[in-house]
Structures are given as C-alpha cells and as structure tokens.
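Just below is one structure, and these are the notes that go with it.
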Amino acid sequence: MPVSEVPAELIEAYKRTQYLVHTKDGILALRVGQPSNELADLIHAAQAVSGTFITAENPFSEALAADENKARQAHLREDLVGLGAVVIDGAGQGNDPSWPAEASYAAIGISLEQACELGRKYQQNAIIWFDASGTPELIVLR
C-alpha cells in the first residue's frame, strides 16, 4: 500500500473531527467509525445507498480567504446537484480551536467514485464516505 502524502497527525485530526449535518430536525453530529441511525435514515429517505461529507474549502489544508472558500463551496454545490445528490449543509468542526469550522455538505445519492473525483477536483486531502449502514468512513485521497 502506498504511503499517503497526508501527514499522519492530520489524518488523526480528521478522525477526531465532528462532521455536523444541518438537518430539518436539528444538527446531526457524525464521527468517523461511529454508526449513526439518523444518517442511515437520511440515506433511506433519499432512496439512496451511499453518500459523502465533503468540502471545497482550504485546499490541501491551506487556509484561503473567506470569499475564495465561499466561491469554491458554491461550485461544489453545483457539481453535487448536477450529479443528482440530495445536498444538505454542514460543517466540519475539528478539535483544534485555531482552525475554524469548514463549511461542508452531506451529499446523499452519489457513488464513492464520484465523491473521490470531486474531492480531488477541489484539492482535498480526504473525504468522509458512508453507505446505507450510516457509518462514516475516512477516505484519504492522496
């Protein structure tokens, strides 16, 4: 297995991050490796089998200006909608208080391949992937 270009400490930080999905019923907090019945219900309600939690902000974990991040997020939303995904606003909130929450989307109804392609397009180190079981999984992209 090839060695990742992403530092191990950054991968561990991604695993500790809370991935917050802003549903109509409130905020759903997801963590890597922890099953979520609520997420499984969202996937089922969308008549889908999988999805992703993804951002376009801060490519390769390099902070960008707020206006640049906002524009990147708008393009990502367009891409997700174009793929037919159900798109729900969210935010990735890490444990490091010096790093602000990143605007993100839970996109239900796209394949792992599509999610990885978008993650690479928007220069992300990783994405969160989930199938119908509702268990988020970290997918390192480089």
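Residue numbers for the sequence shown follow this note's numbering, so the first one is 192 and each next one is one higher. Even glycine gets a Cβ: it sits at the ideal position worked out from N, Cα and C.
Residue environment, residue i, which counts as buried when at least 16 other CB atoms sit within 10 Å
i    : result
A199 : exposed
S289 : exposed
V212 : buried
V277 : buried
V194 : exposed
Closest Cα partner of residue i within the set the options
i    : options                   : result
S295 : L271, E308 and S302       : L271
R333 : S252, G242 and I218       : S252
K206 : A237, A292 and N286       : N286
T243 : E259, G281 and A292       : G281
A257 : P327, G300, P291 and H235 : P291
G283 : I299, A220, D216 and K261 : A220
E328 : L274, V223 and Y210       : V223
K261 : A237, L303, E293 and A236 : E293
Segment limits, beta strand (DSSP E) that includes residue i
i    : result
S283 : Looking at the sequence itself, residue 283 is Gly, so the reference to Ser does not match. Run containing G283: V277 to Q284, per the beta strand (DSSP E) assignment.
E328 : E328 to V331
Q225 : Counting along the chain, Q225 falls outside any beta strand (DSSP E), and DSSP gives it neither H nor E.
V212 : Q209 to T214
G242 : S241 to I245
Residue i: first and last residue of the uninterrupted alpha helix (DSSP H) it sits in
i    : result
I234 : N228 to A236
* Stretch-stretch touch, CB-based, cutoff 8 Å, three pairs: the stretch 295 to 313 with the stretch 241 to 254 -> Judged by Cβ distances under 8 Å, the stretch 295 to 313 makes contact with the stretch 241 to 254, as three or more pairs qualify.
* **contact_flag[the stretch 224 to 231, the stretch 320 to 333] where n(CB pairs < 8 Å) is 3 or more** => Because the criterion of three Cβ pairs below 8 Å is met, the stretch 224 to 231 and the stretch 320 to 333 touch.
* Asked: Quick one: complete beta strand (DSSP E) runs, 3+ long, within the stretch 280 to 316?
  -> Taken in chain order, the unbroken stretches of beta strand (DSSP E) that lie wholly in the stretch 280 to 316 and span 3 residues or more are 293 to 299.
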